[in-house]
Every structure is written in C-alpha cells, then in structure tokens.
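**Q** Oh and the sequence shown: position 58 is 59 in this note's numbering, straight run, nothing missing. Glycine residues also receive a C-beta, built at the ideal position from the N, C-alpha and C atoms. Small disclaimer: the values here were computed from a predicted structure and weren't measured.
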Amino acid sequence: MIDGFGRTIDYLRVSVTDRCNFRCVYCMPENGYPVSPKDELLTFEEMARIISIAADMGITKVRLTGGEPLVRKDLPELIRRVREHKSITDLSLTTNGFLLPEMASNLKKAGLDRVNISLDTLRENRFVEIARRGNLQKVLDGLESAIRYDLSPVKINCVLMKGFNDDEAADFARLTIDRPIHVRFIELMPIRWNLDSTDSFESMSALRGESELFQLRVTSDDGMLSDTEMRRRMVSNDVAMARIQNELGPLTPAEITTNGPARSFRLTGAGGTVGFISQISNDLCERCNRLRLTADGQLRPCLMSDGEVDLRGPLRTGATDDDIAALISEVVAHKPERHYLAEGQKVTGRGMSQIGG
Ligand code: SAM
Ligand code: SF4
2 MIDGFGRTID YLRVSVTDRC NFRCVYCMPE NGYPVSPKDE LLTFEEMARI
52 ISIAADMGIT KVRLTGGEPL VRKDLPELIR RVREHKSITD LSLTTNGFLL
102 PEMASNLKKA GLDRVNISLD TLRENRFVEI ARRGNLQKVL DGLESAIRYD
152 LSPVKINCVL MKGFNDDEAA DFARLTIDRP IHVRFIELMP IRWNLDSTDS
202 FESMSALRGE SELFQLRVTS DDGMLSDTEM RRRMVSNDVA MARIQNELGP
252 LTPAEITTNG PARSFRLTGA GGTVGFISQI SNDLCERCNR LRLTADGQLR
302 PCLMSDGEVD LRGPLRTGAT DDDIAALISE VVAHKPERHY LAEGQKVTGR
352 GMSQIGG
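#1: What is the DSSP secondary structure of PHE277, counted as helix, strand or coil?
#2: With a CB to CB cut of under 7 Å and the five nearest residues on each side skipped, what residues in its chain are close to GLN280?
#3: Considering Cα atoms alone, identify which of LEU120, GLY308, GLU46, GLU41 is closest to VAL184.
#4: Quick check: what's the CA-CA separation for GLY210 versus ARG233?
#5: For ASN97, verify whether its CB is less than 6 Å away from any heavy atom of the ligand SAM.
#6: Does DSSP classify CYS159 as helix, strand or coil?
#7: Quick one, are the C-beta atoms of ILE89 and ALA55 less than 7 Å apart?
#8: Skipping 5 residues on each side, what residues in its chain have a beta carbon closer than 7 Å to that of GLU213?
#9: Would you kindly check if the distance between the Cβ of PHE128 and the Cβ of LEU137 is under 7 Å?
#10: Quickly, what does DSSP pair PHE266 with across the bridge? List them, please.
#11: Between the region 38 to 49 and the region 94 to 108, can you find at least three pairs of beta-carbon atoms closer than 8 Å?
#12: Give the residues whose C-beta lies closer than 7 Å to at least one heavy atom of the ligand SF4, in chain order.
#13: Based on the DSSP output, what are the partners of SER93 in its beta bridges?
#14: Expressed to the nearest angstrom, what Euclidean distance is found between the alpha-carbon atoms of ALA326 and ILE52?
#15: Buried or exposed, going by whether 16 or more other CB atoms sit within 10 Å of the CB of ASP322?
#16: So the beta strand (DSSP E) GLN299 belongs to, where does it begin and stop?
#17: In this structure, does DSSP put MET104 in helix, strand or coil?
#18: Give me the Cβ distance between LEU300 and VAL332, rounded to the nearest whole Å; I'm assuming they're in contact under 8 Å.
#19: Using CA atoms only, rank isn't needed, just tell me which of PRO251, GLY357, VAL155 is closest to ASP114.
#20: Among LEU292, GLN246, GLY298, MET235, which residue has its Cα nearest to the Cα of LEU342?
#21: Is the region 68 to 75 close to the region 19 to 33, with three or more CB pairs under 8 Å?
#22: For GLU309 and SER106, what's the separation of their Cα atoms in angstroms?
#23: Just list the residues that DSSP pairs ARG291 with in beta bridges.
#24: Starting from the C-beta of SER306, find all residues in its chain whose C-beta is less than 6 Å away, skip the five residues before and the five after it, and write them out in chain order.
#25: Would you mind working out which of ALA111, ASN32, ASP151, ARG175 sits nearest GLY250, comparing C-alpha positions?
#26: The alpha helix (DSSP H) with VAL333 in it runs from where to where?
#27: Since ARG84 is in the alpha helix (DSSP H), which residue starts that stretch and which ends it?
#28: Can you check which of these residues, ARG81, GLU230, ILE10, is closest to ASN290 by C-alpha distance?
#29: Applying the criterion that 16 or more other CB atoms from any shown protein chain within 10 Å of the CB defines a buried residue, is ASN32 buried or exposed?
#30: To the nearest angstrom, how far is the alpha carbon of ARG82 from that of ALA111?
#31: Helix, strand or coil, according to DSSP, for ARG313 in the structure here?
#32: Classify ASP297: buried if its beta carbon has 16 or more other beta carbons within 10 angstroms, exposed otherwise.
#33: Span of the beta strand (DSSP E) holding ILE182?
#34: Among ASN117, GLU169, SER93, which one has its Cα closest to the Cα of GLU248?
#35: For PRO315, which residues from the same chain have a beta carbon less than 7 Å from its beta carbon, with the 5 sequence-adjacent residues on both sides left out?
Here it is as structure tokens:
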C-alpha cells in the first residue's frame, strides 16, 4: 500500500485493550479513562480478521499494544491466529512488563517474536511516582523473562522528562553494555484526552526553580500531566545523546534488525544498542509506515491527528472482506503528511492508551 505522499504502508499497530494496570502520568489520569463497554471492543476473531485482510494488502509487521495488552490473559490466542498468516514476518508486543514474568513463556510458545518493555526509571521511588501502580522489581523480572524466552531483540522504551528522570539517561544506556538489551529513548508527546477542561498548568505550577524540578508535579485536576507541562518536560534526544556520551563515551552508529524509526548507536564494546526515536525534534513523519487499529475498532492513519474510520460497525453488519479492504485503502489515502505539534496542534480526541501507543 502506498499513501498519498509516496510512503509504503506495511505496519499495523493493534490495540488489544484500552484498559491498563498502570497510570503513567503522561498517559492516563489517576483514575484512568472511562473504558469502552466490553461489547464495543473488538473480539480477537474480529481483530484477526482485520489483520488478515490488511496482511493481504501488504501489511507485514504487526505490533500488539494497548492500554496494557497483557491484561488480556488470553493474548496467546490472538498471537496464534495472527501467526497463521505467513506474510506477517514481524509480530511484536509493547508492554509495561508487569505481567511478563508469568506470561513470557506462553507468548513465545504462541509465536510472538519480540517485546518492547516500557520503563522510564530504574529507581523505585520514581517508579511509584511515574507509573503509580505496580512495582519496579516485577518489571525488571519481566525484562529478565523476555531475555530468557528469547523475545528478542528485547527493547526498553524510555520516556525522559526534564528535571525528573533525565539524569538517568546514562544509567539506561549502561544496561546495553553487558546484556542483549536495546534501549530506545522516545520523546514525550503532548497527547491527552479531553485536554481543554484540564490544561490548567499555568495557574497551578510554573517551573519556578531548580529545587522544585525533581518533583514530578501533576498539574491538571485529573492527575495527568497537562499538555503544557508535557511540552515543557520533553527532553530532546540530542540532549539525551550528549549526556550519555559525556558519561559513557562515544556512541557509534549501529544497525539492528527491526530498527523501525529509531536512530541506533552502540557504546564501545556493548552487546546492545541505544536508539533515539525523535518524533518531536526530528519529525519522523516522512518515513512513517504505519496504521493504528484501536481496541474499539477504529482505524487511524496517524497517532497525532484525530481522524479515524470505523471498521467495527461494518464488520458487525455483514461487510465482506472487500468492503473492509476498501475502508483500509481509504484510511491509507487520507494519511496526513505530518503532525503539526510544533505549530501548536493539540491531540485531544483520545489519549495514548485509548489509541494504542
Ligand atoms: N501499556 C503498554 C506500555 O506501556 O508499553 C503499551 C501501551 S503504551 C500507550 C505504549 C508506549 O507509549 C509506552 O512506551 C509509553 O511510554 C508511550 N507513551 C504513552 N504516552 C506517551 C506520551 N505522552 N509521550 C510519549 N510516549 C508515550
Ligand atoms: Fe498504561 Fe502503557 Fe499508558 Fe503506562 S504507558 S498508563 S503502562 S498504557
């Protein structure tokens, strides 16, 4: 599939649930989002059907995400169904890692290729403040399980926030030296649902001085970082890279399979790599190859623009495979050229956990 700007579209991210067992401050309000009623969520059968149609149209890479995909205990069942499609050559999962210790073995047996584990701090006290549920040790155990069951290359996704965990960039990079771990830094994106009613950053907390920086103040009344604070807290990947090189020496360009949009590097003698996904500072839109299917069956051409097309309704009212394929083609044809965050665009229709980050 080729979109209107000549980009090949071969990657589908599928959100298998909008529920989550964490409440990361940049992703969800303290009490969570209102979740979709169960009957509005796609069944695994419906997801597998859409994936199968998309695979016939040229999708070769599928990533399962959420919400937290591992809260669906029957996830291996979906993985088995997707694996039946031989043209899908890369089947991966993004998870917060908390339930991986008990699930990694079955995920591997079902046919999952690899995992990305999201982890923003290696310090328990900060973990409690960022994720607000779960605990660090269990996520680290999940990382070990991913390595043990060869869900590789095992990647860590880390979002740095200015004045809060950006002093850990080198600690994360250090993980790649002795272990087959690939750390990727993802720039904080100002995406949140229902923004206008909660974006009260200016009045509630200006960043007043160094001493206050190391408190991660949630500055909206729903307990999630506001749009403004997310923009202010964003650490550009150039800054993260410079910090790592200052502490640990040069990063030299490296190639790994499944690189995706990351620019990857290696510390001297390291087994793993350090990658940077710079969707804010270094617009990745030019090479964007993906579509996103939400847990409630909406197909989106772009993470950062609110347009989407309903597939669930047609699926449940007798649409043929050709009908669904036509809707997929329409979404591809309407994929926007780029995001406009730098120009002040706000993404408010859904939060990350509702889209499938
Ligand atoms: N629950 C799973 C997890 O955390 O890996 C999968 C879904 S989560 C929405 C996917 C990824 O989105 C995570 O790596 C998370 O750090 C990232 N994410 C969520 N909100 C973000 C934001 N505002 N900016 C940048 N990354 C964000
Ligand atoms: Fe849940 Fe992932 Fe969002 Fe954290 S980033 S709240 S783990 S969906």
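**A** Inspection of the coordinates gives the following:
#1: strand
#2: GLU188, MET190
#3: LEU120
#4: Bear in mind that a pLDDT of 38 at GLY210, under 50, signals an unreliable position, so the model cannot answer this.
#5: yes
#6: strand
#7: no
#8: Note that GLU213 scores a pLDDT of 44, beneath 50, so its modelled location is shaky and nothing firm can be said.
#9: yes
#10: PRO254, VAL275
#11: no
#12: CYS21, PHE23, ARG24, CYS25, CYS28, MET29, GLY67, GLY68, GLU69, ASN97, SER119, ALA132, MET353, SER354, GLY358
#13: ARG64, ARG115
#14: 11 Å
#15: exposed
#16: 299 to 301
#17: helix
#18: 5 Å
#19: VAL155
#20: MET235
#21: yes
#22: 35 Å
#23: TYR12
#24: PRO337
#25: ARG175
#26: 322 to 334
#27: 76 to 84
#28: ILE10
#29: exposed
#30: 9 Å
#31: helix
#32: buried
#33: 182 to 187
#34: GLU169
#35: ASP324, ILE325, LEU328
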